[in-house]
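Heads up, the thing below is written out as structure tokens.
In the numbering used here, the protein residues as written are 20 to 132.
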């Protein structure tokens, strides 16, 4: 066997071993964000928010944060989302798509997770 081939095989074996060890030792993802998209014509907004609240309070789900992205300007949907955000203040962010920093707010919020 040629020496360069032998060296390459040793290096690749070492890299594979390190990847396996890191894969087994690294912690698994414990919490994931839930994203709710709200349109102006969304008739099931209350059910969405109720189900999201159920998931947040459930021990079986691994949802840690909720991102509410609103596309509507109706007072009812804004009031429902504001009430939900007050109830789960520490783990909810309410974003209107008309915000200038729309993507930056999402990136900052998910970076906290």
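Cβ atoms here follow ideal geometry from the backbone N, Cα and C, with glycine treated the same way.
Per DSSP, the continuous beta strand (DSSP E) segment holding residue 54 begins and ends at 51-57. For the pair residue 55 and residue 85, the CB atoms are nearer than the 9 Å cut-off.
For residue 84, the enclosing beta strand (DSSP E) has its first and last residue at 82-89. Per DSSP, residue 32 is one residue of the alpha helix (DSSP H) stretching across 22-44. Restricting attention to 113, 69 and 72, the CA atom closest to the CA of residue 90 is found in 113. When the alpha-carbon of residue 65 is set against those of 24, 111, 103 and 30, the nearest one is in 103.
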